[in-house]
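Following: one structure in structure tokens, then a few remarks.
Residue numbers (our numbering): 11 to 205.
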């Protein structure tokens, strides 16, 4: 039965994802990935070709697992509700006792210069997709009358990405989701209001 996988690939990928989430790209050495997954270096490279490729797979896995719920929140009819729901969902993940603090994609964005190839491109595309989703939702809010005419939706989208990334860093540094909630409440109070 040569060529047949003799390990639970889903469990191995979850373990690798957690190692990258907890330690970051640079901190998750090949030895740490071996310990986390139970695979030796040769098996890791046979299955995933390189640490960069494994990181890319784990980033996509993280985004699929956690990003869908966040994207759904932006569909709320009112802009203020969509923003509140988005940040509530993000903070709920911070409060999950079974998950590491912070956000894997935020950590990846902070280490983007250390990552190469498709993993780096994914980090950049992920961040741009989030900014674009916020900007698009803001543009809809202008059309719906939830935000004032003339709102710079691209700038607002960038600010909301900065807020999402910033609270992930706060949570990573302190483990305190209450601080993230305070930061979000302050930011949402500053959103432009339709007149």
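Idealized CB from N, CA, C, for every residue including glycine.
All figures in this text were calculated on a predicted structure; none of them were measured in a lab.
Same chain, Cβ closer than 6 Å to residue i, neighbours up to 5 away in sequence not counted
i: residue 164; result: 145
i: residue 132; result: 66 and 69
Whole-number beta carbon distance between residue j and residue i, since they are thought to touch under 8 Å
i: residue 66; j: residue 119; result: Actually they are not in contact, since the Cβ atoms of residue 66 and residue 119 sit about 14 Å apart, beyond 8 Å.
i: residue 72; j: residue 27; result: 6 Å
i: residue 104; j: residue 187; result: 4 Å
i: residue 180; j: residue 193; result: 6 Å
Exposure of residue i, with buried meaning 16 or more beta-carbon neighbours within 10 Å
i: residue 126; result: exposed
i: residue 61; result: buried
i: residue 111; result: buried
i: residue 148; result: buried
i: residue 190; result: buried
i: residue 58; result: buried
i: residue 140; result: buried
i: residue 88; result: exposed
Own chain, CB closer than 8 Å to residue i, minus 5 neighbours either side, in chain order
i: residue 11; result: With a pLDDT of only 43 at residue 11, under the threshold of 50, the placement of this residue in the model should not be trusted; the figure read from the coordinates follows. Result list for residue 11: empty, nothing under 8 Å.
i: residue 142; result: 167
i: residue 85; result: 92
7 Å Cβ shell around residue i - same chain, five flanking residues per side excluded
i: residue 51; result: 40 and 44
i: residue 136; result: 73 and 115
i: residue 29; result: 38, 42, 43 and 46
i: residue 75; result: none
i: residue 113; result: 178
Check whether the region 76-90 touches the region 33-49, taking contact to mean three or more Cβ pairs, one atom from each stretch, closer than 8 Å.
Using a C-beta cut-off of 8 Å, the region 76-90 makes no contact with the region 33-49, since fewer than three inter-stretch Cβ pairs fall below that distance.
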